[in-house]
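Residue numbers (my numbering): 215 to 473. Where a beta carbon is used, it is the ideal one built from N, C-alpha and C, also for glycine.
This is the structure we're talking about:
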């Protein structure tokens, strides 16, 4: 069965997240409708990971399996984009090995969070505007303490669909970049995987450090089994500023040879 690797971007403001749901409009649901309309059959579709309601993506990856043979990827790309809503765009469609799985084969995922330091006329739904002064040096110090293998139980929201999921996550990197000319602070987190709401709560905790309400040492203490009970959920950053920026794979999808 032919397998395809899709890379896409979307504005998640109007959707109840990526994952298909009953009685809710989702990005994956819209993509499925567009694909099946062109291919004329039910297809297998799976993303690299779900994004919550209101969260965006610049580099979401999905795999597509269809029994249709000799599909021209350029034509499929054009036809699917024509059928998709204006806020979802497929950037690339490439033939992939039959075993390729968008979620299971992902080695890491990078999320970008955009904090605005000023009022913006055009990007309100893509940033978190914070008016308070922020200590960037303290935030950068705290960010480095999050790197490595830790238990992020304090930063997880209970997920009834994954009751037995481990909260231990290996974070490869947390970086904070200031862009003064644009009035932005960019927080990037790269990890093997994430537990529900983890990224938004980590960003919220870093902002607490920036405001001086939380010390880097106190943030590090929240990664310990005996961590104190603090209102981490109240620090959850808004969905608007969060983007799934990219997904890295252990083995890149290779084009199939034609017979």
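**OP:** Pick helix, strand or coil for residue 393, following the three-state DSSP scheme.
**Re:** Your numbering for residue 393 matches position 179 in the chain shown. Correct three-state label for residue 393: strand.
Subject >> Expected contact under 8 angstroms - CB spacing of residue 262 and residue 461 to nearest Å >> reply: Here the question's residue 262 lines up with position 48 in the chain shown. Here the question's residue 461 lines up with position 247 in the chain shown. That pair is a contact at about 4 angstroms.
Original post:
Residue ranges of each alpha helix (DSSP H) run of no fewer than 4 residues wholly in the region 238-287, ordered along the chain?
Top reply: 241-253
**OP:** Over the uninterrupted alpha helix (DSSP H) stretch that includes residue 434, give me the two end residues.
**Re:** Indexing the chain shown from 1 puts residue 434 at position 220. Looking at the DSSP string, the run of the alpha helix (DSSP H) that includes residue 434 is 430-435.
Subject >> Span separating the alpha-carbon of residue 220 from that of residue 245 >> reply: In the chain shown, the residue the question calls residue 220 occupies position 6. In the chain shown, the residue the question calls residue 245 occupies position 31. Distance between the alpha carbons of residue 220 and residue 245: 11 angstroms.
Original post:
Tell me which same chain residues have a C-beta within less than 6 angstroms of the C-beta of residue 404, skipping the five on either side of it?
Top reply: Start at 1 with the first residue of the chain shown, and residue 404 comes out as number 190. Result list for residue 404: 322, 324, 386, 387, in chain order.
Subject >> Presumed contact (8 angstroms Cβ cut-off) between residue 352 and residue 424, rounded CB distance >> reply: One-based indexing of the chain shown puts residue 352 at position 138. One-based indexing of the chain shown puts residue 424 at position 210. Between residue 424 and residue 352 the Cβ distance is about 6 angstroms, and since that is below 8 angstroms, they are a contact.
Original post:
Where does residue 332 fall in DSSP's three states?
Top reply: Taking the first residue of the chain shown as position 1, residue 332 is located at position 118. Looking at residue 332 - three-state DSSP - the assignment turns out to be coil, as it is neither helix nor strand.
Original post:
For residue 383, which option in 410, 445, 280 has the closest C-alpha, if you only look at C-alpha atoms?
Top reply: Walking along the chain shown from the start, residue 383 turns up at place 169. Nearest option by C-alpha distance: 410.
Original post:
Just checking, does the region 309-318 make contact with the region 237-253 on the three C-beta pairs under 8 angstroms criterion?
Top reply: no
Subject >> Selection from 252, 277, 389, 348 that minimises the alpha carbon distance to residue 309 >> reply: Within the chain shown, residue 309 is the residue found at index 95, counting from 1. Out of 252, 277, 389, 348, 277 has the C-alpha closest to the C-alpha of residue 309.
Original post:
For the 8 angstroms Cβ check, are there 3 or more pairs between the region 281-297 and the region 251-269?
Top reply: yes
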